[in-house]
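**Student:** Reading the sequence shown from the start, the letters are residues 30 to 149 in my numbering. I'd like to ask you about the structure that follows.
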Amino acid sequence: MKFKLDENLPFSLKRIIESSGAHQVDSVLHEGLVGTDDHDLIKHCFDEQRILITLDNDFIHSHLAKSQKIYGVILLKSLTQGKKAVNSLFNSFINNYDLQDTQNKILIVQLNQIKIRLIS
């Protein structure tokens with residue numbers, strides 16, 4: 030699977046994702062896309078067939094999900110946005126969920142809970 034890390038995520042997630050399987054990871058920061066409008070970023074991810082990983086709730090708003098094609102989104106709802114907390118939450122997520130099964134879904138990842146919304 031191919032993933033894109035949003036600008037609000039620690040780059041250390043790249044290593045965590047890549048070590049969990051044959052995944053490709055890009056980041057908004059390293060591609061010079063910081064500050065890109067949410068709609069444009071979702072389109073960019075769709076065109077590249079990448080799952081967006083973010084801490085930003087705006088990507089799951091129903092109007093955004095219904096107004097354009099989304100390849101997939103993983104929203105991490107960490108108690109804090111610090112590197113350690115985010116990495117810990119993501120590690121817990123990948124220990125309980127197959128990253129190959131993320132396409133056409135919005136996954137809302139919380140401590141001890143994963144909510145799944147199918148994208149039609």
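The C-beta atom is built at its ideal place from N, Cα and C for all residues, glycine as well.
Quick one, are the C-beta atoms of F88 and L104 less than 8 Å apart?
**Tutor:** yes
**Student:** Check whether the stretch 36 to 53 touches the stretch 108 to 115, taking contact to mean three or more Cβ pairs, one atom from each stretch, closer than 8 Å.
**Tutor:** yes
**Student:** Which residue comes first and which comes last in the beta strand (DSSP E) that contains I89?
**Tutor:** Element bounds for I89: n/a, residue is neither H nor E.
**Student:** Among the candidates N124, Q142, Y126, S96, whose CA atom is the shortest distance from the CA of D67?
**Tutor:** S96
**Student:** Pick out whichever of I99, S48, F122, Y100 has its Cα sitting closest to the Cα of K106.
**Tutor:** Among I99, S48, F122, Y100, the Cα nearest to that of K106 belongs to F122.
**Student:** Which residues in the same chain have their Cβ closer than 7 Å to the Cβ of Q78, if we skip the five residues on either side of it in sequence?
**Tutor:** K31, Y100
**Student:** By DSSP, does S16 sit in helix, in strand, or in coil?
**Tutor:** The question about residue 16 has no answer, for the chain in this structure spans 30 to 149.
**Student:** Cutting at 7 Å between CB atoms, please list the residues of its own chain near V138, excluding the five before and the five after it.
**Tutor:** I103, L104, L105, K106, L118, F122
**Student:** Do L42 and V57 have their CB atoms nearer than 8 Å?
**Tutor:** no
**Student:** When you compare each of T109, N125, I82 to I135 by their alpha carbons, which one comes out closest?
**Tutor:** I82
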